[in-house]
Amino acid sequence: MIDKNKLHSLITAGIDESDPQLYTRVLFTSALLYVVGIVLVIFIVFHFVFTKNYDLGKLELVALGLVVFLYAFLRLKKSIKLIGHLSAVGVLVYFVSFIPATQNEDLSFVWVFFIPFFVVLINGWKIGFFYLIAFFAYVFPLAYNNIGVWDNGTWSDISFYRFVVGLILGTSIAMLIDVAQQVSNRREQAIRHKEGLYLKQLERMSTTDGLTKLYNRHHFNRVFIEKARALSRSEHYLMFFIIDIDNFKAYNDYYGHQAGDEVIQRVAMAIRDYIHRENDLVFRLGGEEFGGLLETRDPKQTARWLTDIISAIQALEIEHAPHIPLPCVTISGGISSTNFYQDSTVADLYKRADDALYQAKHSGRNQFVISEPVTSL
């Protein structure tokens with residue numbers, strides 16, 4: 168069985184590149200080095216054993232050493248940009264020696280037409296173009312000056328023109344491929360960016376109440392359990408409170424649902440502005456009911472501080488329905504806390520806070536009732 172992880176590491180040279188275009192270059196470079204290495208081994212054997220062309224064989228042996236060095240360097244430095252420059256320089260230097268050494272005997276120049284693709288697709292069209300210009304500045308005059316010399320004297324004007332046009336055409340195609348790939352990658356990244364924004368929006372929608380922008384009941388159910396379980400690893404108390412707008416149904420019936428929604432929004436904003444410590448969380452549990460989770464070392468002091476939120480709501484001075492014996496919209500609340508976790512902790516905290524709220528409602532409203540903290544033995 169082939170180890171897929173090892174195969175992946177072999178192909179990618181162990182490089183984890185987030186830029187898709189650079190990652191494509193990593194794959195292309197790695198694959199090309201493998202292919203070129205194998206081809207060079209075949210030609211080295213061919214020239215040393217069969218053709219006895221030792222000069223060309225030695226040149227190919229040097230090229231093989233360069234390929235091995237480049238691949239090792241790629242795995243060591245993990246930089247496709249650096250290896251791109253080294254590969255381009257190595258290839259061009261090799262072919263600067265290869266061209267006058269072979270002189271197109273047995274159509275050896277066919278390999279030269281792969282140079283633009285190699286240099287451009289590894290480095291990108293901008294950097295690759297400058298490398299190729301430097302290469303052409305040397306090769307084209309050399310090819311022109313050897314008309315009637317190369318290829319056993321058959322290298323002609325037509326051969327030279329074909330050579331030049333072939334390299335320019337190859338360069339143009341390689342640059343177009345790279346540009347098309349860049350456009351495609353930018354489009355893919357733009358799509359991924361939009362998808363990321365949509366996912367974040369969906370995540371916010373799944374955890375946030377649309378009316379008040381507080382966390383919703385779904386998020387509350389999940390976070391409540393997480394925070395309760397974290398008690399076993401913490402020295403803090405977990406405090407839970409429930410707040411209910413007093414006589415909200417009467418307000419809603421008298422002023423209408425739109426006014427009722429506005430009151431819910433204003434009360435929610437006041438609660439959020441009052442409870443704004445880093446680890447404090449406020450939720451809309453449903454209707455006119457709000458809840459919150461706080462971490463504290465001193466539950467009694469924190470509970471006393473929390474009850475002052477009544478004054479913050481009264482300061483809004485929202486006029487209540489005329490038949491309600493209250494000067495303005497007020498709230499009632501219940502508070503519970505504990506510093507240890509067991510299977511019944513979440514249900515117990517909620518029930519004790521809910522019972523405290525019920526007691527506050529039946530004791531005249533506009534007040535908090537604090538349940539005694541439950542402490543581990």
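So the sequence shown is numbered by my numbering: it starts at 168 and just counts up by one. Just so it is clear, CB atoms sit at the ideal spot from N, CA and C, and this is done for glycine as well.
Discussion item. Considering only DSSP beta bridges, list what N500 is partnered with.
Written reply: The amino acid occupying residue 500 in the given sequence is Gly; Asn does not appear at that position. Bridge partners of G500: I410, F535.
Worksheet item: For F215, which beta-bridge partners are listed by DSSP?
Response: Bridge partners of F215: none, in fact.
Worksheet item: Tell me the DSSP bridge mates of Y382?
Response: T375, F450
Practice prompt. Determine the burial state of Y305: buried for a count of at least 16 other Cβ atoms within 10 Å of its Cβ, exposed for fewer.
Written response: Y305 comes out exposed.
Item to complete: Verify whether the separation of the beta carbon atoms of I119 and E455 is less than 9 Å.
Response: Examination of residue 119 is not possible in this model, given that the chain is present from 168 through 544 alone.
Worksheet item: Roughly how many angstroms lie between the CA atoms of P267 and W317, to the nearest whole one?
Response: 8 Å
Worksheet entry | Pair within 9 Å by beta-carbon distance, D447 and L524 | no
Item to complete: Just tell me which of L288, V263, F217 has its CA closest to the CA of I250.
Response: Residue L288 is the option with its Cα nearest to I250.
Practice prompt. Label L544 either buried or exposed according to how many other C-beta atoms from any shown protein chain fall within 10 Å of its C-beta, with 16 as the threshold for buried.
Written response: Since pLDDT at L544 reaches only 47, below the 50 mark, its modelled position is unreliable, and no value is offered.
Fill in: For V258 and K248, the rounded distance between their alpha carbons
15 Å
Discussion item. Quick check: what's the CA-CA separation for V234 versus V203?
Written reply: 8 Å
Fill in: Through-space distance from I335 to Y311, alpha-carbon basis
15 Å
Worksheet entry | Three-state class that DSSP yields for T196 in the structure shown | DSSP places T196 in helix when its eight states are reduced to three.
Worksheet item: Counting only runs that start and end within the segment 471 to 520, where is the alpha helix (DSSP H) found for 4 or more residues in a row?
Response: 476 to 481
Fill in: Cα-Cα separation, R389 to Y382
11 Å
Worksheet entry | Cβ-based neighbour list, S254, same chain, cut-off 6 Å, excluding 5 preceding and 5 following | Short of 6 Å from the beta carbon of S254, and not among the five residues preceding or following it, lie these beta carbons of its own chain, in chain order: L237, I289.
Practice prompt. Note the first and the last residue of the continuous alpha helix (DSSP H) segment covering E462.
Written response: Here E462 belongs to no alpha helix (DSSP H); instead the beta strand (DSSP E) covers 456 to 463.
Worksheet entry | As assigned by DSSP and simplified to three states, the class of V541 | The answer is strand: DSSP assigns V541 an E or B state.
Worksheet item: Taking V208 as the reference, which of F217, E227, Y221 has the closest Cα?
Response: E227
Fill in: Unbroken alpha helix (DSSP H) run spanning L288, endpoints
282 to 290
Worksheet entry | Contiguous alpha helix (DSSP H) assignments of at least 4 residues, all confined to the segment 284 to 348 | 292 to 312
Worksheet item: So A435 packs on F457, CB below 8 Å; how close in whole Å?
Response: That belief holds up - the Cβ atoms of A435 and F457 are roughly 7 Å apart, short of 8 Å.
Worksheet item: Excluding the five sequence neighbours on either side, which residues of its own chain have a C-beta within less than 6 Å of the C-beta of T196, listed in chain order?
Response: Hits under 6 Å: I289.
Practice prompt. Return yes when the Cβ of E462 is within less than 9 Å of the Cβ of H403, no when it is not.
Written response: yes
Worksheet item: If you draw a straight line from the C-alpha of V513 to the C-alpha of S399, how long is it?
Response: 13 Å
Worksheet item: Hey, quick one: how far does the alpha helix (DSSP H) through N419 stretch, first residue to last?
Response: 415 to 422
Worksheet item: Among all the DSSP beta bridges, which residues are the ones paired with Y404?
Response: T463
Discussion item. As a quick exercise: from V346, Y517, A527, V279, pick the residue whose alpha carbon is nearest that of D413.
Written reply: A527
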